[in-house]
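**Q** My structure is below; once you've seen it, I'll send some questions.
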Amino acid sequence: MTDVVIAAPILAPRKRFQLIRRLLAHRSFRIGIVLVTVLAIAAILAPLTGIEPSAMRVRFRFRPPSPEFLMGSDNFGRDILTRVLYGARVSLWIGLVVALLSGIVGAVIGVFAAQFRAFDAPVMRLMDAMMSFPAILLALGITAALGPRMESVIIALSVAYVPAGVRIVRASALVVRELDYVQAARIAGASNARIMFHHILPNSFGPLLVHMTFVFAYSILAEAALSFLGVGVQPPTPSWGNIIAEGRDFATEAWWIMVFPGIGISLAALGLNLLGDGLRDVLDPRLKGA
Amino acid sequence: MAAEPIIEVRDLDMAFPVRGGPGGKTVIQQVLHKLNFDIAPGETLGLVGESGSGKSTAGRILVGLYEPTGGSVKLFGQSITGAQRQHGLAAVRSRLQFVFQDPHAALNPRMRVGDSIAEPIAIAGGRTRRDRADRVRELLEMVGLPRDGAERFPHEFSGGQRQRIVIARALALQPGFIVCDEPVSALDVSIQAQIVNLLMDLQQKFGLSYLFIAHDLAVVRAIAHRVAVLYAGSIVEVAPKDELYGDPQHPYTRALLDAVPRADPDRVRGPVLGGEVPSLLAPPPGCRFHTRCPHVMPRCRTDIPALRVTTPGRHVACHLYA
Amino acid sequence: MASEPLVSIENLTVQFRTDRGWATATESVSFDIGDGDCLGVVGESGSGKSVTALSILRLHARGTSRFNSGTIRYDGRDLLRASERDMRAIRGRDIAMVFQDPMSSLNPVLTICDQISETLMLHRGLSRIEARKRAIELLDLVRIADAARRVDEYPHRFSGGMRQRVMIAIAIACRPRLLIADEPTTALDVTIQAQILELLRDLRTELNMAVMLISHDLGVIAEFARRVVVMYAGRVVEDAPVDVLFRKAMHPYTEGLMASMPALDGPVRRLYSIPGRIPDINEQVAGCRFSPRCGHAEAVCLTAMPDLVPVSPDHRVRCAPRTRTTGAG
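Protein chains in written order, with numbering that gives the first Met the number 0: chain A, 0 to 289; chain B, 0 to 321; chain C, 0 to 328.
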């Protein structure tokens, strides 16, 4: 018998950064990432306007947009541009934290539910019960109970968006746990923790990431809705939602107070949705081309 | 093969409850029925059968993935059934391995190939990270892949190369017994031969035993020493390779061999076997093959034939040989 | 085969869009399918055999694939340049196709009758009642017992082999002149495979249609085809009558493929294995695409793509060293 035969060990050329390359080739992802990045940079650079967001200057009340006040000013003479930029910090921050928090909590609960059958039924019934409330009503109830603060908004929205995350992660975890590489780990005697965190979670992450970008967008919208209802971020701290809420009384005389934060919300939601669409197209194996 | 067998399977039964009976009721599906076989050290037992024969389930039971509903399984002298199951599995786990059919599903796409290969070592504990990396390079070389492959991800490899990686992972802990579940059926013909040869070379080198599960009788002939033929959950024939292929005794084995297309345009094949494998939810009484058998007799419809010795080393479950 | 071929593929080059640009799936593929012919196309993954078949019916996804060159002549027309409307009329009526996976080819919410009738009502203008009658006849024709009752059942009541019979019934419903069967038995068990191959063989003579059978399995090809086209990495490497091919294959790839097939008879020997791997669709291989794996490669093989050269009236080979010694080309 001959010795171990080595077939010519030629490897294909390395395929590095395939994911990033595919993402950047995706048109709506490109538009989305540009929009979101521009908004984020604008929020970070907010202090460059040189004006305090809550500085009241009675002389300058209700100035329409002009070279001096690019987005006009409000009933207290505050500069809307400055407030919109500082508001972006608050709104984007809330969106980001809610997306991360609900995503992480959802992922952990989802993976546990998929791995431990005894845990599964009660948890999923609880999630069903939570999902039977509209998310915004649930959030409204929670902020009302916790008191209107930014932290309450974050907690309320995170709780409201957890069930959807749980479902998504559980569904893909149930598929992944039957795959051969998980079986291989089981044969080798891997612990539940290893199977969950080495194998199932990283491979259930794609759909969750897509979901998180959408939660990011919804949270910005939901914060605006809560602020509009008076239980969101409280003035004088500006958020896109409460700037609009404050401008409501002057909608006919000073349209610019509501319109500019509204544009901010729309652009953020649009950018995040485009980004999420791109991620979904690239990460979802069912949509992959031949 | 006078050596003491390392795998002893006795009266193995496996039944799953499945939903799908009349009116959506849960019914019991008898997937395996009273299997008996041994595997000696350094031996390859081929397990062939069509879909629904239960061959894959049998393989999974032997590595502890499923707990059988009846019978006993002894691996390396340790029982992995009944009360000693947990203790037995813990004792033999490092000596058991599995090679999967689909090399694309068998590797975690988010783990570097080196980490996948080292996983059984990491789970078993022992060895430092550097030691493991050395072992990974050694294993890669053993299966004919370049040592620097460890840093790459599975999607950078072709199907045949991934199967080599899966084999490297299976060898990581120096096992004694590997279940190969259709290891080449997802591969192209020109790559199949590479993997079959690799498995045979590794067997020689390390004295491995294989349970080689396949639907392709020709591949099994190339690698197995003995072959067991499964039909609808029962073994119908077990024989040394040359005897089974040269002189198949069970009517099903004969029909199966006859159905395989040959690369010979002049071959005149016999009559084609009609019918299909019966549902395991409502298997026919008596011999499960009687609904398709060209030699069916009245008693085949009522009595289940036992696996009997016909000539030394050969077992057939058929009333023709009673 | 002096008469006009039924379908004539010439110089077909198809490309697919990938994330690293356009990749060539088939290159300069040329072969004919005669009327009533029984052609086998054999090749491994990436050989371009399915792409060629889909090109005949122009079933590629738009936007992600393109025809760079070539013609596919059928009935005096070039199918690659025919209008989409003409193609719809040809698909199913003149040229029909059966796919590998019988499990996903049937719509689970429609009865078997609905699915067979669809083609008949579309192409033949039959009424619902006539179509149903014809559907039962067709099920009989594909040897499904108790056709009159089973025609009203849903696909989930049918096994894989039975579904493939139904797919064949749908394909032959309008008596096509060419049936393309793309790995029709790959998903089935051997005993069922034998049944389906026998059925296809019988139907071919009964209906006098040409069949193009695509398979990776040389055994299936040997038992079924009269003529064989061997493809590798997007190119036709050999084209010969079946007995010639299995007796004296000339291309080193064909030889290697045959040698690496495990046999059921004869002495058990160590399997021959072709070294290396099949090139990725994006990889550029200069010269003969098989040259990196070929034991007979010469300098010329690494630089120039060899032509498909006739070595006898019905045998063509794409290999420079092998065809040179015969004095052809």
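Positions of the beta carbon are idealized from the N, C-alpha and C atoms, including for glycine. Note that the structure is a prediction, hence the values are computed from the model and not measured.
Would you give the residue range spanned by the beta strand (DSSP E) that C:Leu38 belongs to?
**A** Counting from one through the third sequence, the residue named residue 38 of chain C turns up at place 39. Segment Cys37 to Val41, the beta strand (DSSP E) holding C:Leu38.
**Q** Tell me the DSSP secondary structure of A:Ala267 in three-state form.
**A** Counted from its first residue, the first sequence places residue 267 of chain A at position 268. Helix at A:Ala267.
**Q** Taking 9 Å as the threshold (C-beta atoms), are C:Leu212 and C:Val40 in contact?
**A** Against the third sequence, residue 40 of chain C aligns to sequence position 41. Against the third sequence, residue 212 of chain C aligns to sequence position 213. Yes, the pair counts as a contact, with Cβ atoms nearer than the cut-off.
**Q** According to a CB-to-CB cut-off of less than 7 Å, which residues of the region 269 to 282 of chain C neighbour chain B?
**A** Arg269, Leu270, Tyr271, Ser272, Ile273, Arg276 and Ile277
**Q** If contact is defined by three or more beta carbon pairs under 8 Å, each pair taking one atom from either stretch, is the region 158 to 172 of chain B in contact with the region 98 to 117 of chain B?
**A** yes
**Q** For a contact meaning CB atoms closer than 8 Å, what does B:Phe97 contact in chain A?
**A** Within the second sequence, residue 97 of chain B is the residue found at index 98, counting from 1. By Cβ distance, chain A contributes Gln182, Ala183 and Ile186.
**Q** Does any residue of chain A have a CB that is nearer than 9 Å to the CB of B:Asp101?
**A** Within the second sequence, numbered from 1, the residue matching residue 101 of chain B stands at position 102. It does: the Cβ of B:Asp101 has a partner Cβ on chain A nearer than 9 Å.
**Q** Mind checking which residues open and close the alpha helix (DSSP H) that includes B:Val235?
**A** Indexing the second sequence from 1 puts residue 235 of chain B at position 236. That residue, B:Val235, is in no alpha helix (DSSP H); its beta strand (DSSP E) goes Ser233 to Pro239.
**Q** So, C:Thr25 versus C:Thr63, is the Cβ gap smaller than 9 Å?
**A** Within the third sequence, the letter at position 26 stands for residue 25 of chain C. Within the third sequence, the letter at position 64 stands for residue 63 of chain C. Taking 9 Å as the cut-off, the Cβ atoms of C:Thr25 and C:Thr63 do not count as close.
**Q** Taking beta-carbon pairs under 8 Å, can you tell me which members of the region 169 to 196 of chain C lie near chain B?
**A** Asp188, Val189, Thr190, Ile191, Gln192, Ala193, Gln194 and Leu196
**Q** Starting from the N-terminal side, write out each stretch of the beta strand (DSSP E) that is 3 residues or longer and does not extend beyond the region 165 to 228 of chain A.
**A** none
**Q** Short of 7 Å in beta carbon distance, which residues of its chain neighbour C:Gly286, apart from the five on each side in sequence? Order them along the chain.
**A** The sequence position of residue 286 of chain C within the third sequence is 287, counting from 1. Hits under 7 Å: Cys300, Leu301, Thr302, Ala303 and Met304.
**Q** Could you check the C-alpha separation between B:Leu46 and B:Ala2 for me, to the nearest Å?
**A** On the second sequence, position 47 is the one that residue 46 of chain B refers to. On the second sequence, position 3 is the one that residue 2 of chain B refers to. The C-alpha of B:Leu46 lies about 21 Å from the C-alpha of B:Ala2.
**Q** Are the C-beta of C:Val267 and some C-beta of chain B separated by less than 9 Å?
**A** Translated into the one-based positions of the third sequence, residue 267 of chain C becomes position 268. Yes, contact with chain B.
**Q** Interface residues of chain A around B:Pro174 at Cβ under 8 Å?
**A** Indexing the second sequence from 1 puts residue 174 of chain B at position 175. Those do not exist, as B:Pro174 stays about 10 Å from chain A at its closest Cβ, beyond 8 Å.
**Q** From A:Pro234 to A:Asn241, what does the alpha carbon distance come to, in whole angstroms?
**A** Here residue 234 of chain A corresponds to residue number 235 of the first sequence, with the count starting at 1. Here residue 241 of chain A corresponds to residue number 242 of the first sequence, with the count starting at 1. Spanning the two alpha carbons is a distance of roughly 7 Å.
**Q** So what does DSSP say about A:Tyr160, is it helix, strand or coil?
**A** Taking the first residue of the first sequence as position 1, residue 160 of chain A is located at position 161. Three-state result, A:Tyr160: helix.
**Q** Please return the same chain residues whose Cβ sits closer than 7 Å to the Cβ of A:Ala106, not counting the five positions on each side in sequence.
**A** Here residue 106 of chain A refers to the residue found at position 107 of the first sequence. The answer, listed in chain order, is Gly164, Val168, Leu200 and Leu207.
**Q** Exposed or buried, what is A:Asn202 when buried is set at 16 or more other beta-carbons lying within 10 Å of its beta-carbon?
**A** Walking along the first sequence from the start, residue 202 of chain A turns up at place 203. It is buried - the Cβ of A:Asn202 has at least 16 other Cβ atoms within 10 Å.
**Q** In chain A, which residues lie less than 7 Å from B:Val62 when you measure between Cβ atoms?
**A** Within the second sequence, numbered from 1, the residue matching residue 62 of chain B stands at position 63. Per Cβ cutoff of 7 Å: Ile186.
**Q** Find the residues of chain A that neighbour B:Leu106, judging by a C-beta separation of less than 9 Å, and give them in chain order.
**A** The residue labelled residue 106 of chain B in the question sits at position 107 within the second sequence. Here the neighbours are Asp179, Tyr180 and Ala183.
**Q** At 4 residues or longer, and completely inside the region 27 to 78 of chain B: list those alpha helix (DSSP H) runs for me, N to C.
**A** Those alpha helix (DSSP H) runs which fall completely within the region 27 to 78 of chain B and span 4+ residues are 54 to 61.
**Q** Give me the Cα-Cα distance between B:Pro4 and B:Gly143, rounded to the nearest whole angstrom.
**A** Numbered from 1 along the second sequence, position 5 holds the residue referred to as residue 4 of chain B. Numbered from 1 along the second sequence, position 144 holds the residue referred to as residue 143 of chain B. Approximately 30 Å between the Cα atoms of the pair.
**Q** Roughly how many angstroms separate the alpha carbons of B:Leu74 and B:Thr309, rounded to a whole number?
**A** Residue mapping note: residue 74 of chain B aligns to position 75 of the second sequence, counting from 1. Residue mapping note: residue 309 of chain B aligns to position 310 of the second sequence, counting from 1. Their backbone Cα atoms lie some 27 Å apart in a straight line.
**Q** Would A:Asp2 be called buried (16 or more neighbouring beta carbons within 10 Å of its own) or exposed?
**A** For the purposes of this step, residue 2 of chain A is taken as residue 3 along the first sequence, with counting starting at 1. Reliability fails at A:Asp2, whose pLDDT of 35 lies under 50, so the model's placement of it is uncertain and no value is given.
**Q** With DSSP collapsed to three states, give me the class of C:Phe15.
**A** Stepping through the third sequence from its first residue, residue 15 of chain C is reached at position 16. Note: C:Phe15 maps to strand in three-state DSSP.
**Q** Can you tell me whether C:Thr70 is helix, strand or coil according to DSSP?
**A** Taking the first residue of the third sequence as position 1, residue 70 of chain C is located at position 71. Here C:Thr70 sits in strand by DSSP.
**Q** Along the region 114 to 131 of chain B, what residues have a CB closer than 8 Å to any CB found in chain A?
**A** Only those residues of the region 114 to 131 of chain B whose C-beta falls short of 8 Å from the nearest C-beta of chain A are listed: Ser115, Glu118, Pro119, Ile122 and Ala123.
**Q** Once DSSP output is grouped into helix, strand and coil, what is the label at C:Asn10?
**A** By 1-based counting over the third sequence, the position of residue 10 of chain C is 11. Three-state result, C:Asn10: strand.
**Q** When Cβ atoms are compared, which residues of the region 63 to 79 of chain A fall closer than 8 Å to chain B?
**A** none
**Q** Ends of the beta strand (DSSP E) at B:Glu7?
**A** In the second sequence, the residue the question calls residue 7 of chain B occupies position 8. Unbroken beta strand (DSSP E) run through B:Glu7: Ile6 to Arg18.
**Q** Would you kindly work out how many angstroms separate the C-alpha atoms of A:Met257 and A:Leu156, rounded to a whole number?
**A** One-based indexing of the first sequence puts residue 257 of chain A at position 258. One-based indexing of the first sequence puts residue 156 of chain A at position 157. Cα to Cα, the separation comes out at about 23 Å.
**Q** Less than 8 Å between the CB atoms is what I'm expecting for B:Arg111 and B:Arg151, so what's the real figure, rounded?
**A** Indexing the second sequence from 1 puts residue 111 of chain B at position 112. Indexing the second sequence from 1 puts residue 151 of chain B at position 152. In this structure B:Arg111 touches B:Arg151 by the C-beta definition: roughly 7 Å separates them, less than 8 Å.
**Q** Which of helix, strand or coil does DSSP assign to B:Gln96?
**A** Walking along the second sequence from the start, residue 96 of chain B turns up at place 97. Reduced to three states, the DSSP call for B:Gln96 is strand.
**Q** Between the region 42 to 59 of chain A and the region 74 to 88 of chain A, are three or more C-beta pairs nearer than 8 Å?
**A** yes
**Q** In the DSSP assignment, the beta strand (DSSP E) including B:Cys179 goes from what residue to what residue?
**A** Locating residue 179 of chain B in the second sequence gives position 180, where the first residue counts as 1. That run of the beta strand (DSSP E) goes Phe176 to Asp180.
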